[in-house]
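Residue numbers for the sequence shown follow the numbering used here, beginning at 7 and rising by one.
Below: the structure, in structure tokens.
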Amino acid sequence: MEQQALHWVKKLGGRNFHRAFGVYGICVQDGKLLVINKSGGPYINRFDLPGGSLEDKESLVNAMRREFLEETGLEIEIIKSIGTTDFMISTDWRGLTDVHHIAVYYLVKQIGGVIGVPDQFEGQDSLGAEWILEEEVSVENASPLVLKAFEWLRTNDLGLDINYYNWKVKLDS
7 MEQQALHWVK KLGGRNFHRA FGVYGICVQD GKLLVINKSG GPYINRFDLP
57 GGSLEDKESL VNAMRREFLE ETGLEIEIIK SIGTTDFMIS TDWRGLTDVH
107 HIAVYYLVKQ IGGVIGVPDQ FEGQDSLGAE WILEEEVSVE NASPLVLKAF
157 EWLRTNDLGL DINYYNWKVK LDS
């Protein structure tokens with residue numbers, strides 16, 4: 007047992023990982039994608055998709071509806087499950103070397119509410135939402151989730167392979 011543990015430590019080479027799992031909504035109107043302005047986490051000061059982690063005993067779809075409302079002010083209908091993809095991000099966030107982000111994507115549509123400034127509470131990482139065009143995003147101003155959403159809108163495919171990024175956290179906007 008000790009030999010196996012030593013092998014894994016040597017193989018990882020002192021790397022430390024954080025695994026994130028969340029649900030995210032792709033909502034499009036007039037060719038624009040709805041994004042949030044991120045105020046926390048490794049995607050701080052960038053565009054990100056509305057969504058996030060599940061609360062205890064919460065289903066995927068209930069988490070999607072709750073996160074969307076909390077972060078954007080919009081009520082949504084979930085049209086379909088798009089699929090799951092993951093991102094391996096080499097980063098300098100919180101002293102970590104890597105973040106493994108697993109994302110479940112849904113296609114959603116607005117059925118109520120209005121975009122507004124979200125209530126701020128512990129765990130809230132949205133400063134508000136806006137509609138953007140694909141030509142407005144880059145790896146410099148958007149999360150990998152947004153980049154993948156636009157790729158899916160073009161190809162209708164999330165792909166099967168993990169998405170790798172070397173990532174610098176933008177502490178200043």
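From the three backbone atoms N, C-alpha and C, an ideal C-beta is built for every residue, glycine too.
Legend entry - Y170 classed as buried or exposed, judged by whether at least 16 other C-beta atoms fall within 10 angstroms: Counting from one through the sequence shown, the residue named residue 170 turns up at place 164. Under this definition Y170 is an exposed residue.
Inset, instruction - Please classify G31: does DSSP put it in a helix, a strand, or coil? - result: In the sequence shown, residue 31 corresponds to position 25, counting from 1. G31 falls in the strand class under three-state DSSP.
Inset, instruction - Please classify G57: does DSSP put it in a helix, a strand, or coil? - result: The sequence position of residue 57 within the sequence shown is 51, counting from 1. In the structure shown, G57 sits in a strand (DSSP, three-state: E or B).
Inset, instruction - Could you have a look at L102 and say whether DSSP puts it in helix, strand or coil? - result: Translated into positions along the sequence shown, residue 102 becomes position 96. Coil.
Legend entry - Of the listed residues R72, S149 and G47, nearest to L102 (C-alpha basis): Within the sequence shown, numbered from 1, the residue matching residue 102 stands at position 96. Taking only the C-alpha atoms, the option nearest L102 is G47.
Inset, instruction - Starting from L66, follow the alpha helix (DSSP H) in both directions and report where the run begins and ends. - result: Position 60 of the sequence shown, counting from 1, holds the residue named residue 66. Start and end: L66 to T78.
Inset, instruction - Have a look at E64, L40, S144 and V34 and flag the residue whose alpha-carbon is nearest the alpha-carbon of G28. - result: Counting from 1 along the sequence shown, the entry for residue 28 is found at position 22. Among E64, L40, S144 and V34, the Cα nearest to that of G28 is on E64.
Legend entry - Helix, strand or coil at V143 according to DSSP, with G and I counted as helix: Position 137 of the sequence shown, counted from the start, is the residue given in the question as residue 143. Coil, per DSSP.
Legend entry - Counted within 10 angstroms of its Cβ, other Cβ atoms place V152 as buried (16 or more) or exposed: Here residue 152 is taken as the residue at index 146 of the sequence shown, counted from 1. Flag for V152 reads buried.
Inset, instruction - Name the two residues that bound the continuous beta strand (DSSP E) containing L177. - result: The residue labelled residue 177 in the question sits at position 171 within the sequence shown. No beta strand (DSSP E) holds L177; DSSP gives it neither H nor E.
Inset, instruction - Check whether the stretch 131-146 touches the stretch 101-116, counting contact only when three or more Cβ pairs, one atom from each stretch, lie closer than 8 Å. - result: no
Inset, instruction - Would you list the residues sitting across from Y171 in a DSSP beta bridge? - result: Position 165 of the sequence shown, counted from the first residue, corresponds to residue 171. Answer is I95, bridged to Y171.
Legend entry - Buried or exposed (CB count within 10 angstroms, at least 16 for buried), L66: The residue labelled residue 66 in the question sits at position 60 within the sequence shown. That one is exposed.
Inset, instruction - Pick out whichever of S149, E140, N43 and S59 has its Cα sitting closest to the Cα of I95. - result: The residue labelled residue 95 in the question sits at position 89 within the sequence shown. Residue nearest to I95 within the set S149, E140, N43 and S59 is S149 (criterion: CA-CA distance).
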